[in-house]
Each structure stands twice: as C-alpha cells, then as structure tokens.
Amino acid sequence: MKRIHKISFLLVIALSLLIMSCRAYPGQDLKLQSIKPPDTPNSKPVIIILIDSLMDKPLREAIKKGSAPALQYLMERGKYYPHMVSSFPTMSVTIDSTMLTGTYADQHHVPGLVWFSGKENRMIFYGNGPKETMKIDQPQVLMDAIYQLNQVQLNKQTKTIHEELAERGKQSASINGIVFRGKTEHSLQLPPLIANTTSLPQQVKVTGPPLLSYAAMKQLDPNNSRNARMWKKFGMNNLFSAHDTAFLIKQKKLPSVTIAYFPENDMAVHRKGVSNIEGIEKADQAHQ
Numbered sequence: 164m165k166r167i168h169k170i171s172f173l174l175v176i177a178l179s180l181l182i183m184s185c186r187a188y189p190g191q192d193l194k195l196q197s198i199k200p201p202d203t204p205n206s207k208p209v210i211i212i213l214i215d216s217l218m219d220k221p222l223r224e225a226i227k228k229g230s231a232p233a234l235q236y237l238m239e240r241g242k243y244y245p246h247m248v249s250s251f252p253t254m255s256v257t258i259d260s261t262m263l264t265g266t267y268a269d270q271h272h273v274p275g276l277v278w279f280s281g282k283e284n285r286m287i288f289y290g291n292g293p294k295e296t297m298k299i300d301q302p303q304v305l306m307d308a309i310y311q312l313n314q315v316q317l318n319k320q321t322k323t324i325h326e327e328l329a330e331r332g333k334q335s336a337s338i339n340g341i342v343f344r345g346k347t348e349h350s351l352q353l354p355p356l357i358a359n360t361t362s363l364p365q366q367v368k369v370t371g372p373p374l375l376s377y378a379a380m381k382q383l384d385p386n387n388s389r390n391a392r393m394w395k396k397f398g399m400n401n402l403f404s405a406h407d408t409a410f411l412i413k414q415k416k417l418p419s420v421t422i423a424y425f426p427e428n429d430m431a432v433h434r435k436g437v438s439n440i441e442g443i444e445k446a447d448q449a450h451q
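Written out as structure tokens, the structure is:
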C-alpha cells in the first residue's frame, strides 16, 4: 500500500509540473533540410523573444544593477517602447492568442486560464497554480493545455502567424510557445512517467509550424534532453528554450520567423512580486 501511495504521489507531482508549465526525447529526428533559407538575399530571419511578465521598471532596475547585460545589449542596438498596454485579460494564454492571431479574445475565443465552455458544457482549465491543479482532473487539464487549446478552442477561423506564413510559402518555428497552431502535423511524445501511469495516449497529434519545440514532448536539439527532466519542469524553462533557439542558429537553419518563449520570470513575479528582478536575471543569463 505504501508503494502504491508513493507511486501515486510521484505521478501527481509529475502531472502538476507539466500542467503548471502550462503546459523530445533523444532520437527525435529534425528534418532541417526541409527548412528553406530566407526568401531573398537581403531578408533576415526574425526571432521573437517572449519573456513572460517582463515589465519596464524591474527591467531598468536589473540593467542599472548590471545584471541584465544581454537585454541591455538588445535595447541599445534596437528601439525600446516601454509604454505598452497589454491585451485583456492579462493571462498568458489569452495574451499569446492575441499576439499570434492579431485579434482579441472575442475573436480568437480564448478568454482566460479558467473559463466555462458552453459548446463543451464544462470548465476549461489550462493550469492556474498548484493548489487548483491538485484538486481537479489533471489528465484533462494537461490535454486542455497541450491539445485542446490549439487544436479545438482557439478559433479556427482566426489564423495564427504560423498559418499566415505557411500560406505565403514561408517557414516559422515555435519554441516552448503556449499557442503554436500551424499547418504542419507533429506528434507530441508524453513523458513515460505520465503516459505509462494514466489513461493519456503516448503520442498526441497536433498541428504547428514546420519547426516545433514543446518542452519534454518535442525538441529540436537532440542533446537538449538534459533541460527537459521532471525536476526542470519537463523542459518548460529558460535554458531549454535558449538551447533549442541556439541550435537553429548554429545549424544556420533559422526560418523566416522564430517565436521563443522564456517562462521563468512569470513564476518569480507571482512568487515574489512585480518588483523582483531574479526572473529577469535568469532570463538574461539564458541569453548570454
């Protein structure tokens, strides 16, 4: 009985870590030869770096302290717009859906982290914290986050940037992005600890951009599995995102647009407050 309880406890932890990431393994083949170079000799690939919950005041504080040299480098060589207004509501899945579709929640149909779907007649829950996660159907939450969000609940009539680019013959990549729907079919491989101890399938079919990286379930760099272990939130961390992005750069296979998501600052902000700069420092270190 003690052994059963121990296994159940480990399973709960594993599911919670994967779900709370809001959210592969070595041997996955990346068909880099299928990625086209930029369309014209003068065009340059674009890398969109999304640092969750990044705000102006703590960013400036980190730079003033000298603990964010990579972000300072980018600011000094580009244009910085601090007076930004977030889309509403300010929740990751809703904001990311807005960013990738160019529409608000009334059009992309993802209103928040927790909401009631009249169409499905149930609560939708993408993962809103450990306490809530432990109380509900964790396998369903995981499927909502990794499958239903992109393949069902995100309005199919509202195209994502990945779909728009594909229709124009351009390639794109998503690295740890929460919202990633595209036109290329992929298989997400669930971690064995979860797949072998729940009713969830071992593989989940999704559509995304030609290059898709999604924590422990799918990676670009075959050597990045060390950053996708259970105690590292199954790959939903800054180093995982940085390594897969660097892999594309080193292979000279960057597509027209790459969206790379760095999640850990959000965790630090929720845990220690909006003035805390530890999350910014960690994100900066991942970029160095």
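Here the sequence shown stands for residues 164 to 451, where the numbers follow this note's numbering.
Glycine included, C-beta positions come from ideal geometry on N, C-alpha and C.
Check                                                                                                          : Outcome
With 16 other Cβ atoms within 10 Å as the buried cut-off, status of Gly-345                                    : buried
For Pro-274, the nearest candidate out of Gly-340, Ala-233, Leu-363, Leu-312 (CA to CA)                        : Leu-312
According to DSSP, residues forming a beta bridge with Gly-371                                                 : Thr-347
Outcome for Met-380 when other beta-carbon atoms lying within 10 angstroms are tallied against a minimum of 16 : buried
Span separating the alpha-carbon of Gln-448 from that of Ile-412                                               : 18 Å
Start-to-end residues for the alpha helix (DSSP H) that takes in Leu-305                                       : 301-306
Distance CB(His-349)-CB(Ser-335) smaller than 9 Å                                                              : no
For Lys-282, three-class secondary structure by DSSP                                                           : coil
Where Phe-251 sits in the DSSP three-state scheme                                                              : coil
Pairwise C-alpha distance: Leu-234 and Arg-240                                                                 : 10 Å
Selection from Phe-425, Leu-237, Met-247, Gln-316 that minimises the alpha carbon distance to Ala-268          : Gln-316
Three-way DSSP call (helix, strand, coil) for Leu-213 in this model                                            : strand
Among Pro-418, Gln-414, Pro-426, Ser-216, the one whose alpha carbon lies nearest that of Leu-377              : Before going further, note that residue 377 is Tyr rather than Leu in the sequence given. When only C-alpha atoms are compared, the closest one is Pro-426.
Exposure of Met-247, with buried meaning 16 or more beta-carbon neighbours within 10 Å                         : exposed
7 Å CB neighbourhood of Gly-436 in its chain, flanking five on each side removed                               : none
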